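Since the structure comes first, as structure tokens, the remarks are kept for the end.
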Amino acid sequence: GGFIGDTVDWRWIYYVMLIFTGAVYALVCFTIPETYAPEILKRRAKKLRKETGDNSYVTDLERSPRPLGQMIAVNLYRPIVLLFGELIVFLITIYMSVIYGLLYMFFFAYPVVFGEGKNFKNGPIGLMFIPIAVGVIVSALIAPFVNRHYVRMVAKYNGRPPAEVRLIPMMFACWATPIGLFIFAWTSYSRLSWVGPCLAGFPCGLGFCLLYNSANKLPGRLIPTPRCFGSRSKCVHAVNLACGRGSFHDPDVSQTRK
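Just so you know, we're using full-length UniProt numbering here: the sequence shown kicks off at 1 and counts up by one.
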């Protein structure tokens with residue numbers, strides 16, 4: 001993005017993002033299968049009705065459809081109930097809001113540390129984010145091993161593993177983020193090399209991604225309610241993460257470090 005802004009035009013940063021997002025969206029739409037259980041059952045029932053001519057094959061949603069207004073009201077009200085009625089959802093949400101805010105702090109801190117402190121231009125400043133991306137990629141490579149471990153725990157507990165099993169990746173990832181922050185803080189002075197704050201992004205990216213994955217899967221195991229409530233608790237996470245991101249925004253951040 002920095003190189004595009006310096007050599008072409010800042011608008012092309014958004015054009016490239018739009019092109020990339022559109023290509024990924026098209027790829028996802030045509031390659032990833034449907035995973036929403038009610039929709040899968042609905043398609044299966046439709047297929048059976050067509051093959052057998054028996055209209056008795058219907059799903060619960062088709063048998064008693066809810067009005068659109070009722071669905072909107074329930075889906076807006078229930079996340080609020082989960083946030084303030086389930087302590088663990090509230091605490092995990094607050095924790096992840098802080099983590100999410102720390103991620104966005106990097107977008108404001110990097111121009112200050114590398115641009116003002118080390119006199120980097122926009123292009124090289126953008127390259128400093130590569131270690132964060134590498135950390136995210138490594139966390140994605142770790143994810144299959146985490147899932148295999150969870151599958152073993154499911155078998156061990158006869159299909160009902162403790163919800164705390166989802167916390168195991170967080171127990172390790174929670175250390176990676178502060179380690180990266182300490183490295184970044186202690187090496188970000190203008191008289192020191194750029195290597196320290198640059199490499200500090202790796203443990204941060206690794207910790208961020210592992211924490212996100214565990215936190216998103218945890219509510220569905222913790223809440224003693226129907227499985228569909230887990231998705232609503234994720235809505236709570238999404239709203240509070242956005243609030244956490246905004247609370248970390250400082251329009252005068254460039255004046256905080258001399």
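For every residue, glycine included, the Cβ atom is placed at its ideal position computed from N, Cα and C. Quick caveat: nothing in here was measured; it's all calculated off a predicted structure.
Task: Limits of the alpha helix (DSSP H) - the one that A143 falls within - done: The residue you call residue 143 lines up with position 143 of the sequence shown. It spans 130-156 - the alpha helix (DSSP H) in which A143 sits, taken as one unbroken run.
Open item on the list: I need the boundaries of the alpha helix (DSSP H) containing L41, first residue and last residue.
Closed with: For the purposes of this step, residue 41 is identified with residue 41 of the sequence shown, where counting begins at 1. Element bounds for L41: 37-52.
Task: the segment 136-144 in contact with the segment 204-213 per 3-pair CB rule at 8 Å - done: yes
Task: Assigned secondary structure, V8 (DSSP; H/G/I helix, E/B strand, else coil) - done: On the sequence shown, position 8 is the one that residue 8 refers to. The answer is coil: DSSP assigns V8 none of H, G, I, E or B.
Task: P65: first and last residue of the uninterrupted alpha helix (DSSP H) it sits in - done: As a working mapping, residue 65 is identified with position 65 in the sequence shown. Element bounds for P65: n/a, residue is neither H nor E.
Open item on the list: By the three-class DSSP mapping on this structure, what secondary structure does S97 have?
Closed with: Against the sequence shown, residue 97 aligns to sequence position 97. Helix.
Open item on the list: Is it buried or exposed, R148, if we count other Cβ atoms within 10 angstroms and call 16 or more buried?
Closed with: Within the sequence shown, the letter at position 148 stands for residue 148. Exposed, by the Cβ-count rule.
Open item on the list: When you compare the CB of K121 with every CB in chain D, is at least one pair closer than 8 Å?
Closed with: The structure shown has no chain D; it contains just one protein chain.
Open item on the list: Quick check: the Cα distance between P65 and Y25, rounded to an integer number of angstroms?
Closed with: Counting from one through the sequence shown, the residue named residue 65 turns up at place 65. Counting from one through the sequence shown, the residue named residue 25 turns up at place 25. Cα-Cα distance, rounded: 30 Å.
Task: Local conformation of L192 per DSSP, three classes - done: Counting from one through the sequence shown, the residue named residue 192 turns up at place 192. If DSSP states are grouped into helix, strand and coil, L192 belongs with coil.
- [ ] Evaluate Y36 with the Cβ neighbour count: other Cβ atoms within 10 Å of its Cβ, from every protein chain shown; 16 or more gives buried, anything less gives exposed.
- [x] Residue 36 sits at position 36 when you count from the first residue of the sequence shown. Burial call: exposed.
TODO: Could you check the C-alpha separation between Y15 and N122 for me, to the nearest Å?
DONE: Mapped onto the sequence shown, residue 15 falls at position 15. Mapped onto the sequence shown, residue 122 falls at position 122. Going from the Cα of Y15 to the Cα of N122 covers about 18 Å.
Open item on the list: Please return the same chain residues whose Cβ sits closer than 8 Å to the Cβ of V239, not counting the five positions on each side in sequence.
Closed with: Along the sequence shown, read from residue 1 onward, the residue named residue 239 stands at position 239. Any reading at V239 must be qualified, since the residue scores a pLDDT of 49, below 50, and its modelled position is unreliable; the value itself is stated next. Same-chain partners within the cutoff: P79.
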